[in-house]
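Everything on this sheet refers to the single structure shown next.
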Amino acid sequence: QVQVVESGGGLVQAGGSLRLSCAASGRIFTIIAMRWVRQAPGKERERVAQIGSGDRITYADSVKGRFTISRDDAKNEVFLQLHMNSLESEDTGVYYCNVLVGGAIPYWGQGTQVTVSS
């Protein structure tokens, strides 16, 4: 079992910045990848950024150059952050921290709302 808790998010004007944080605990030694996934109203979930095996980082084309994902490992927790700059109204949505462990088992946080006003 892995427990995933997100924080951050909120309301920001277009062009502004926000930082999302995620803390994963439990069987963290089995983590394969950590991702930020968002869901805009009326749209399917979209993978925004990922840190995978070997710390390989990938971004969705829509956020490249604006968002930065990072990971910090502590003794009993793993922290994932998403720094979001130059936010656009299209970035509005619920952002989820997704942790993938051995066996391709996904764990999800509760989600945090990001609203960008134009």
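Quick note on our numbering: the sequence shown kicks off at 797 and runs consecutively.
Quick reminder that beta carbons are idealized off the backbone N, C-alpha and C, glycines included.
Considering only C-alpha positions, which residue in the set Asn872, Asp851, Leu878 and Val844 is nearest to valine 859?
Val844
By Cβ distance below 6 Å, which residues in the same chain neighbour valine 874 in space, the five residues on each side in sequence not counted?
Ala820 and Ile824
Short check: CB of glycine 822 to CB of valine 910, under 9 Å?
Their beta carbons are not under 9 Å apart, which means glycine 822 does not touch valine 910 by this criterion.
What distance in whole Å lies between the Cβ atoms of valine 912 and alanine 810, which are believed to be in contact at a cut-off of 8 Å?
6 Å
Indicate whether valine 897 and valine 801 have their beta-carbon atoms separated by less than 9 Å.
In this structure, valine 897 lies away from valine 801, with their beta-carbon atoms at least 9 Å apart.
Residue interval of the beta strand (DSSP E) (run including phenylalanine 863):
863-869
How long is the line joining the alpha carbons of serine 885 and serine 914, rounded to whole angstroms?
6 Å
Return the chain-ordered list of same chain residues with a C-beta closer than 6 Å to the C-beta of threonine 931, the five sequence neighbours on each side being excluded.
Past the edges of the chain, shown from 797 to 914, lies residue 931, and the structure says nothing about it.
In whole angstroms, what separates the C-alpha of serine 803 from that of cysteine 818?
Cα-Cα distance, rounded: 6 Å.
Among Ser866, Ala870 and Lys871, which has the Cα closest to the Cα of glutamine 877?
Ser866
Please state the DSSP three-state secondary structure of glutamate 840.
coil
Endpoints, beta strand (DSSP E) assigned at threonine 854
853-855
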